[in-house]
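Worksheet for the structure shown next.
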Amino acid sequence: MGIKPLGDKVVIKALASEEKTKSGIVLPDTAQEKPLQGEVVAVGSGKVLENGQKVPLEVAVGDRVIYSKYGGTEIKLDGEEYLIMNEREILAIIQ
Amino acid sequence: MGIKPLGDKVVIKALASEEKTKSGIVLPDTAQEKPLQGEVVAVGSGKVLENGQKVPLEVAVGDRVIYSKYGGTEIKLDGEEYLIMNEREILAIIQ
Amino acid sequence: MGIKPLGDKVVIKALASEEKTKSGIVLPDTAQEKPLQGEVVAVGSGKVLENGQKVPLEVAVGDRVIYSKYGGTEIKLDGEEYLIMNEREILAIIQ
Amino acid sequence: MGIKPLGDKVVIKALASEEKTKSGIVLPDTAQEKPLQGEVVAVGSGKVLENGQKVPLEVAVGDRVIYSKYGGTEIKLDGEEYLIMNEREILAIIQ
Amino acid sequence: MGIKPLGDKVVIKALASEEKTKSGIVLPDTAQEKPLQGEVVAVGSGKVLENGQKVPLEVAVGDRVIYSKYGGTEIKLDGEEYLIMNEREILAIIQ
Amino acid sequence: MGIKPLGDKVVIKALASEEKTKSGIVLPDTAQEKPLQGEVVAVGSGKVLENGQKVPLEVAVGDRVIYSKYGGTEIKLDGEEYLIMNEREILAIIQ
Amino acid sequence: MGIKPLGDKVVIKALASEEKTKSGIVLPDTAQEKPLQGEVVAVGSGKVLENGQKVPLEVAVGDRVIYSKYGGTEIKLDGEEYLIMNEREILAIIQ
């Protein structure tokens, strides 16, 4: 994929809200602003700590993740929309 | 369980407010916004310190915990509601 | 006691405001929002520093302490009310 | 004295504003909110740094100090009023 | 180029919004305030960590980048407009 | 002098605004809130870093300094007014 | 020059806005609050990190720099106006 996030940033392809994961996780439907699901399509090389050590991200390309709706910035890539956000805005990996 | 929280995040199954623990702990009934109880169902791998060391969480799957009502984000998993929150939003383990 | 606070948190049993300590310390009576007294009934295992070292708490179970009224969260345990707060919200130990 | 402040906290006995120190230092009389003088009556065991080292306080019991009026919390001890504040709210020692 | 950004600052030549990258990335056209594209024309020597180590930037001169519209300060150089921003305001490199 | 500032605090004797330094530095006269000049009359023993090291102050007793008007707290000493401020509120030493 | 900035502070002689650098850099003329140019006339000895190491400034006396208009405090020296600001408020060196 032609995009490389910086630092601890991650590019996510959002899943349509009606989409359902294999494990049966669905988003609650009673509120407007909730965590959403997506698939990780690109990850940064990691976060640099104050001791100079670089910590790789916990998420990897292909991971299905839940993220806060307020997280991230929208971009368009080859005609499709993606989100770029810091890894700390991702809540969990769906396994 | 099919979900892996990131970092120091924890997934909690909230207990109904009328539920009572074996040790007899009940939530106060005079106010609306109080600590709540739940059971830990998934934990992240820990928090990374500025020296690169990863500190495992104090709570473990199966722990009964008290947490601040303002903490956490709601998700649905296999039709049931759960909360994801940082471990620092958990007040105590009920033993 | 069936509760284990996390990190540097402490469980305190508040003393009735008319109560007087042996050493004769009383709370000032001219204002509404003042430090209060209580007895420590449970303590967390300590605070983790950025170098990974765990620092045990200064207060211990049984200590009589003065704490800021604004500190802490109320919980009920076996029908009695307690407070959970961070140790830094405790001002002093009464000896 | 029957009180032990935690960490870098200090207990101070305020001096009456008309009181004058031996070295002739007086508080300015033209404004309401100014630094005040007092005597240190109890000190905490020190502040714990992020490397785990405990730094003892600069002030000691018996020191005459100038402190910011906005600093500290009032308590009563054996019928007398005292202040508990962090050492960083103390401006200087009068020698 | 006659300009040297300090620390972790970067100078960017913004691309006109109608411009399209070779990889086909275009900016979304439905909102006013979105990430923009540009080319890196100068980079600082890096960020100094609290341990004294200098961390070089991830971006290099010639990189095509996506950056937050709110980031950066406009300057003029030889009659053309540029932006100076911190590297953390850059979201990703387009490859 | 009978006063010892704590930590990185400094006691300054303000110069009258009409006063002029030997090197000819004068304060601008077109605005009300500007940096002011004074002479350092007492300094603290230094700032303690997170690694436990104490860093001595850059200013010394007798230095003529420029400081921000918003910095510092007024005190009276032997009938004269002084300012106590943190060293970081001092802008420069006039040589 | 008779002034020594403290820490990571820098003294700058602002250039008149109509002035043009040799390399042809000019300030944009369409807005009121933009980066400005000046010449460094004095620099502090550096910033002390939390490990006690002193980091010298990137700018040196004689450097032509671009700085944020909102940065700095005005002073007068021998009848001329200067600015004192932290090095982090300087955006770039013009070479």
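Residue numbers (my numbering), protein chains in the order written: chain A, 1078 to 1172; chain B, 1078 to 1172; chain C, 1078 to 1172; chain D, 1078 to 1172; chain E, 1078 to 1172; chain F, 1078 to 1172; chain G, 1078 to 1172. Glycine included, every Cβ here is placed at the ideal spot set by N, Cα and C.
Does DSSP put E/Pro1082 in a helix, a strand or coil? Here E/Pro1082 carries a strand assignment [DSSP, helix/strand/coil].
Provide the residue span of the beta strand (DSSP E) that contains G/Glu1157, from first to last. Element bounds for G/Glu1157: Glu1157 to Asn1163.
Sorted by chain position, which residues of the same chain lie with C-beta nearer than 6 Å to A/Val1125's C-beta, five sequence neighbours on each side aside? Closer than 6 Å at the Cβ level, and outside the excluded window around A/Val1125, lie Lys1131.
What first and last residue would you give for the beta strand (DSSP E) that runs through B/Gly1148? Annotation: B/Gly1148 is outside any beta strand (DSSP E) and is labelled neither H nor E by DSSP.
For F/Glu1116, does the three-state DSSP call read helix, strand or coil? The three-state secondary structure of F/Glu1116, taken from DSSP, is strand.
Taking C/Ile1173 as the reference, which of C/Leu1083, C/Lys1081, C/Val1117 and C/Asp1085 has the closest Cα? Because chain C here runs from 1078 to 1172, residue 1173 of chain C falls outside it and cannot be looked at.
Which residues in chain B have a C-beta closer than 8 Å to the C-beta of C/Gly1129? List them in chain order. What C/Gly1129 touches in chain B: Leu1126, Asn1128, Gln1130 and Val1132.
With DSSP as the reference, identify every bridge partner of F/Leu1154, one or two as the case may be. In the DSSP secondary-structure assignment, F/Leu1154 is bridged to F/Glu1157.
Where G/Glu1095 falls, given that 16 or more other Cβ within 10 Å makes a residue buried: Note on G/Glu1095: pLDDT 48, under 50, position unreliable in the model; the coordinate value appears next. It counts as exposed.
What does a CB cutoff of less than 7 Å around C/Asp1106 pick up in its chain, not counting 5 residues either side in sequence? Caution is warranted here: a pLDDT of 46 is assigned to C/Asp1106, below 50, making its placement in the model unreliable, and the coordinate value is therefore given only provisionally. Nothing meets the Cβ criterion.
Taking DSSP's pairing of strands, which residues face A/Val1087 in a bridge? Beta-bridge partners assigned by DSSP to A/Val1087: A/Val1120 and A/Met1162.
Would you list the residues sitting across from G/Val1125 in a DSSP beta bridge? Looking at the DSSP output, G/Val1125 shares a beta bridge with G/Lys1131.
Between the C-alpha atoms of B/Leu1113 and C/Thr1150, what's the straight-line distance to the nearest angstrom? Going by the C-alpha atoms only, they are around 11 Å apart.
DSSP state of B/Leu1092 mapped onto helix, strand, coil: Three-state result, B/Leu1092: coil.
Could you give the distance in angstroms between the alpha-carbon of D/Ala1093 and the alpha-carbon of D/Leu1083? Rounded to the nearest angstrom, the gap between the Cα atoms of D/Ala1093 and D/Leu1083 is 26 Å.
How long is the line joining the alpha carbons of G/Ile1080 and F/Gly1115, rounded to whole angstroms? If I take the Cα positions, the gap works out to 14 Å.
Anticipated Cβ contact below 8 Å, C/Glu1127 with B/Glu1127, distance rounded: With 8 Å as the limit, C/Glu1127 and B/Glu1127 qualify as a contact, their Cβ atoms being about 5 Å apart.
Return helix, strand or coil for A/Ala1137, following the three-state DSSP convention. A/Ala1137 carries a coil assignment under DSSP once its states are collapsed to helix, strand and coil.
With 9 Å as the limit, tell me which residues of the segment 1144 to 1169 of chain F have their beta carbon closer than that to any beta carbon of chain G; keep them in chain order. Listed in sequence order: Ser1145, Glu1164, Arg1165, Ile1167, Leu1168 and Ala1169.
Proximity below 8 Å, CB of E/Gly1139 to CB of E/Met1162: Taking the C-beta atoms as reference points, E/Met1162 is found no nearer than 8 Å to E/Gly1139.
Min CB distance A/Gln1089 to chain B below 8 Å: In the sequence as displayed, the identity of residue 1089 of chain A is Ile instead of Gln. Not one chain B Cβ lies under 8 Å of A/Ile1089.
Please say whether D/Val1087 and D/Gly1123 have beta carbons closer to each other than 8 Å? With contacts defined as CB atoms closer than 8 Å, D/Gly1123 and D/Val1087 fail to qualify as a contacting pair.
With distances taken Cα to Cα, identify the nearest neighbour of G/Arg1165 among G/Ser1145, G/Ala1119, G/Gly1129 and G/Gly1156. Cα-wise, what sits closest to G/Arg1165 is G/Ser1145.
Along chain C, in chain order, which residues have C-beta atoms closer than 8 Å to that of D/Ile1171? Residues of chain C whose Cβ lies closer than 8 Å to the Cβ of D/Ile1171 do not exist, since the nearest Cβ in that chain is about 24 Å away.
Give me the Cα-Cα distance between D/Leu1168 and F/Lys1153, rounded to the nearest whole angstrom. Going by the C-alpha atoms only, they are around 13 Å apart.
With a threshold of 8 Å between beta-carbons, can B/Gly1079 be considered close to chain A, or not? Chain A contact via Cβ: present.
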